[in-house]
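Here the working numbering is used: the first residue of the sequence shown is 4, the next is one more, and so on.
Even for Gly, the Cβ is constructed at its ideal location relative to N, Cα and C.
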Amino acid sequence: IIGVCNSRNEIIPGHIHLNSIAEAVKAGIRSAGATPAEFPAIGVCDGIAMNHVGMKYSLASRELIADSVETMALAHGLDALVLIPNCDKVVPGMLMAAARLNIPSIIVSGGPMLAGKTANGGEKISLSKTFEAVGAFAAGKINEDELLDIENNSCPTCGSCSGMYTANSMNCLTEALGMALPFNGTIPAVYSERIRLAKYTGAKTVELLEKNIRPRDIMNETAFTNALTVDMALGCSTNSMLHLPAIANEAGVLLNLESANKISAVTPNLCRLAPAGGHYVEDLHAAGGIPALMAELSKLGLITQTNITASGKTVGENIKGAVNRNAQVIREVSNPYSKTGGIAVLKGNFAQNGCVVKRSALHEDMLKFKGKAKVYDNEEDAYDAIKTGKITAGDVVVIRYVGPSGGPGMPEMLSPTAALAGMGLDREVALITDGRFSGASRGACIGHVSPEAAAGGNIALIYNGDEILLDIDANRLELLVSDEELKTRRVNLKMREPNIKTGYLARYAKQVTGAHMGAVLK
């Protein structure tokens with residue numbers, strides 16, 4: 004009996020088509036001589052959950068998904084699993100469950116949507132353009148008709164949003180981990196190739212069961228090193244720095260932020276997909292997808308090829324013969340965008356346990372930046388300040404008390420970052436938070452500050468006007484305030500009551516660990 008966990012619902016645009024994937028998976032399972040048994044999983048759309056209490060539930064839903072898959076699989080004695088996610092927290096939640104259960108399992112996602120095109124000029128666009136257009140409209144840079152054009156055309160098909168945002172980041176990294184068949188991360192949702200992949204995946208699950216190949220055979224320490232390497236080369240969402248450690252934790256592998264910096268130091272950034280550049284996941288697929296990227300990285304000896312994967316073959320066998328068909332989309336290792344990876348982990352007195360920035364999505368002018376803090380204790384006040392012109396060049400916007408426990412749920416700060424980008428301030432203003440960012444964010448967006456404000460971290464001690472130094476090349480984030488002054492401020496710091504005191508989020512806030520640990524539950 005092969006469990007088929009389908010996260011289809013009518014709310015998430017990236018999931019509305021997943022019944023077609025599930026039917027193809029079940030056909031593949033039957034063709035291989037086993038019996039499929041479908042059951043559901045929840046999912047949260049970050050785009051719809053934006054700017055209200057719903058965003059507090061997004062990251063927290065990851066743990067619910069993992070727990071529910073575990074419950075269904077063990078309660079019904081399932082022999083193996085096919086897991087069908089697509090969007091942000093569903094992918095890592097299902098991978099966490101697979102690692103925890105350690106029964107033969109494989110992922111097949113719903114695939115990315117195609118990029119949109121504006122009616123006026125046919126410019127390729129995606130979801131991030133819509134959020135940035137709101138800021139551009141507020142700044143008087145575009146008119147209402149132009150805003151409506153972008154809104155109507157940015158998401159033209161079903162599927163996960165078309166850039167290298169969190170959903171596509173995690174689907175590509177699932178492939179790099181070895182838990183999905185080749186091209187799972189990049190085949191567009193509307194291609195017939197996606198249905199064929201789903202059928203192959205269903206049949207492959209029976210083979211994994213017969214050969215007794217289990218998730219922890221695949222997701223070992225080397226597999227996570229491969230995934231982090233691909234992460235750095237792709238310039239994935241910073242949310243991968245929450246999800247990969249959480250998945251590794253379930254697999255019994257220690258993965259910390261220091262690992263990311265070591266790998267980033269030797270991994271060239273080869274791709275600049277939206278929001279970091281003008282390419283989209285459909286372009287990455289046409290260029291040869293993740294196999295071509297991993298083959299390119301292998302020229303530098305950065306990919307371990309001996310690991311077994313969910314294909315029943317090794318990494319080396321999967322990428323053998325892979326061809327890079329477009330050296331503009333996947334740059335050759337001799338001509339990278341940068342010699343180091345797309346994500347950087349920063350430390351300093353601002354964030355003793357670390358914080359994360361998507362290096363590939365910020366302008367080179369912001370690699371070293373010093374500015375004065377404007378501090379907000381929630382996202383709404385910061386967003387209002389940006390929209391009303393209270394934030395100017397040279398400012399550092401600090402949004403705190405929005406971490407895993409303080410949020411609770413570590414909401415993402417896409418609206419403030421998109422407003423800054425839309426207003427043209429992303430090259431002159433930094434934004435730092437103990438919350439997190441959407442993969443659609445670009446600019447000097449430093450998130451996951453740990454310890455968070457609610458845990459008494461130094462981010463809680465910042466005053467308006469404090470100078471802050473950002474030095475990406477040195478992996479440094481410093482609050483330019485003396486230790487003596489910080490000690491005085493700590494004496495006067497009053498710990499806050501939880502924002503939410505009932506329901507799931509209250510329980511979550513009590514159990515969740517810091518961002519540097521992947522925000523897993525104790």
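Separation of Glu-320 and Met-182 (C-alpha to C-alpha, rounded to the nearest whole angstrom) is 15 Å. According to DSSP, His-282 shares a beta bridge with Leu-276.
The C-beta distance from Ile-465 to Leu-480 rounds to 12 Å, too long to meet the 8 Å contact threshold. Note that the C-beta distance between Cys-161 and Gly-292 is not below 8 Å. A distance of 8 Å or more separates the beta carbons of Gly-344 and Ser-441. Contact check between the region 100-119 and the region 149-166: three or more CB pairs, one atom from each, fall below 8 Å, which counts as touching. Cα atoms of Ala-518 and Ile-503: separation of roughly 19 Å, rounded to the nearest angstrom. Look at Gly-255 here: in three-state DSSP terms it is coil, with no helix or strand label. Bridge pairing for Phe-140: absent [DSSP].
Around the beta carbon of Asn-264, a 10 Å sphere encloses 16 or more other beta carbons of the protein chains shown; the residue is thus reported as buried. Note on geometry: alpha-carbon atoms of Ala-44 and Leu-86 lie some 9 Å from one another. Going by DSSP, Asn-174 is part of the alpha helix (DSSP H) stretching over 169-180. Here the C-alpha atom of Pro-115 lies approximately 6 Å from the C-alpha atom of Cys-164.
Take the alpha-carbon of His-366 and the one of Leu-489: they are about 31 Å apart.
Between Thr-177 and Gly-166, the gap from beta carbon to beta carbon reaches 8 Å or more. Closest option to Asp-220, judged by alpha-carbon separation, among Asn-105, Val-233, Ser-485 and Met-173: Asn-105. DSSP, read as helix, strand or coil, puts Gln-514 in helix. Sequence-distant partners of Ile-24 (beyond 5 residues in either direction) whose C-beta falls short of 6 Å from its own C-beta, in its chain, are Ile-87, Gly-113 and Ala-201. Taken through DSSP and simplified to helix, strand or coil, Glu-335 comes out as coil. Exclusion of the five residues before and after Gly-468 leaves Lys-375 as the residues of its chain whose Cβ lies within less than 6 Å of its Cβ. Within its own chain, the residues whose Cβ lies closer than 7 Å to the Cβ of Asn-12, once the five positions on either side in sequence are excluded, are His-18 and Gly-46, listed in chain order. Nearest C-alpha to Leu-524 among Gly-304, Val-452 and Ile-250: Ile-250. At least 8 Å separates the beta-carbon of Met-369 from that of Ala-279. Secondary structure note for Asp-398: its beta strand (DSSP E) is the uninterrupted segment 398-402. Secondary structure remark: continuous beta strand (DSSP E) runs of at least 3 residues inside the region 100-158, in chain order: 108-110. In this structure Leu-81 is buried. Its beta-carbon is surrounded by 16 or more other beta-carbon atoms within 10 angstroms. For the 8 Å CB-CB criterion, Gly-460 and Val-452 form a contact. Along the region 328-398, the alpha helix (DSSP H) occurs as fully enclosed runs of 4 or more residues at 382-390, listed in sequence order.
With fewer than 16 other Cβ atoms from the protein chains shown falling within 10 Å of its own Cβ, Lys-393 counts as exposed.
Counted as a single uninterrupted DSSP element, the stretch harbouring Ser-301 is not any beta strand (DSSP E) but the alpha helix (DSSP H) occupying residues 292-301.
Judged by pairs of C-beta atoms under 8 Å, the region 63-78 does not touch the region 136-153, as fewer than three such pairs exist.
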